[in-house]
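Q:
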Amino acid sequence: MESMHKQERVLETFDLDGASVQLVEWEESLWCGKILYAKNPVDEPDVEQLMKDFVALGEAELSPNGPEEGWDVCLSFNYLSGQRPSGVFFGFLVESRRQPEGFDMVWIPAGRYLRLEINEQTAKALDKQPWTGGVPPFQWVSESIGPRLGFACGDSQLPIVEYYRHRPDGEIQGCWLYVPVQQKK
Numbered sequence: 056m057e058s059m060h061k062q063e064r065v066l067e068t069f070d071l072d073g074a075s076v077q078l079v080e081w082e083e084s085l086w087c088g089k090i091l092y093a094k095n096p097v098d099e100p101d102v103e104q105l106m107k108d109f110v111a112l113g114e115a116e117l118s119p120n121g122p123e124e125g126w127d128v129c130l131s132f133n134y135l136s137g138q139r140p141s142g143v144f145f146g147f148l149v150e151s152r153r154q155p156e157g158f159d160m161v162w163i164p165a166g167r168y169l170r171l172e173i174n175e176q177t178a179k180a181l182d183k184q185p186w187t188g189g190v191p192p193f194q195w196v197s198e199s200i201g202p203r204l205g206f207a208c209g210d211s212q213l214p215i216v217e218y219y220r221h222r223p224d225g226e227i228q229g230c231w232l233y234v235p236v237q238q239k240k
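Mapping to our numbering: the sequence shown position 139 is 194, numbers consecutive.
1. Does the beta carbon of Glu-83 fall short of 6 Å from some heavy atom of the ligand SAH?
2. Arg-170: buried (16+ other C-beta within 10 angstroms of its C-beta) or exposed?
3. How many Å lie between Phe-158 and Gly-229 at the Cα?
4. Can you give me the start and stop residues for the beta strand (DSSP E) that Asp-111 sits inside?
5. Is Phe-147 closer than 7 Å to Glu-124 when the C-beta atoms are compared?
6. Whose C-alpha, out of Glu-67, Glu-80, Asp-72, Ser-75, is nearest the C-alpha of Lys-61?
7. Are Cys-87 and Glu-217 close, meaning C-beta to C-beta below 7 Å?
8. Just checking my contact of Gly-166 with Leu-213 at CB under 8 Å: how many whole Å lie between their CB atoms?
9. From Gln-77 to Val-110, what distance separates their C-alpha atoms?
10. In this structure, how does DSSP classify Leu-71 when only helix, strand and coil are distinguished?
11. How should Gln-176 be labelled, buried or exposed, when 16 other C-beta atoms within 10 angstroms of its C-beta is the threshold for buried?
12. Can the beta-carbon of Gly-209 be found less than 7 Å from the beta-carbon of Gln-238?
13. In three-state terms, what does DSSP make of Lys-253?
14. For Ser-211, tell me which candidate among Glu-83, Tyr-168, Gln-184 has the shortest Cα-Cα distance.
15. Please report the Cβ distance between Tyr-8 and Asp-127, rounded to the nearest whole angstrom; I am assuming they are in contact, meaning their Cβ atoms lie under 8 Å.
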């Protein structure tokens, strides 16, 4: 499988009982949207409020300059750490820092991820229940796929990524999960 986004390159592809999983490497990348962190390492951020704030930007007819066409993301920060407050970001990959006022900008450092499509076929191949929303099923990677392939998740500064592909009418066509990993020693 080839790279799906300009900031990534596929290093290796694995077939796990019919589920395709790729090890990908990302370059440093810039994201534009809205972000919110929990008040402490125990609680969740107010995702409903964050979504309202994100949607309000569109209702105010604000849109990012040069977003990646047909894609948007939900980035989940610190969900692999019990030491730092969790954060959630809704937004787009962009090329320029020049963005309308009201958007938050986030730089993601270079890193490696295991990528898989979140769908019924993948869940079945992994003998997992299909994902129905909420916190992404990163345990599919941390508890099953990663150890099987020789990778660990660890306490990464990189986010867990839900990358959504949209049809021209705006309907979601697919969702890919990216979980930061490192090679086990």
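We treat Cβ as the ideally placed atom computed from N, Cα and C, and that holds for glycine.
A: On the basis of the coordinates in this document:
1. This structure simply doesn't include the ligand SAH, nor any ligand for that matter.
2. buried
3. A direct Cα-Cα distance of roughly 25 Å separates Phe-158 from Gly-229.
4. Reading off the sequence, residue 111 comes out as Ala, not Asp. No beta strand (DSSP E) contains Ala-111, which is instead part of the alpha helix (DSSP H) from 102–114.
5. No, they are not a contact pair.
6. Glu-80
7. no
8. 4 Å
9. 32 Å
10. strand
11. exposed
12. No. Outside cutoff.
13. For the chain, the structure presents residues 56 to 240; residue 253 sits outside this window and is missing.
14. Tyr-168
15. This structure does not reach residue 8, given that the chain is present from 56 up to 240, and the question cannot be answered.
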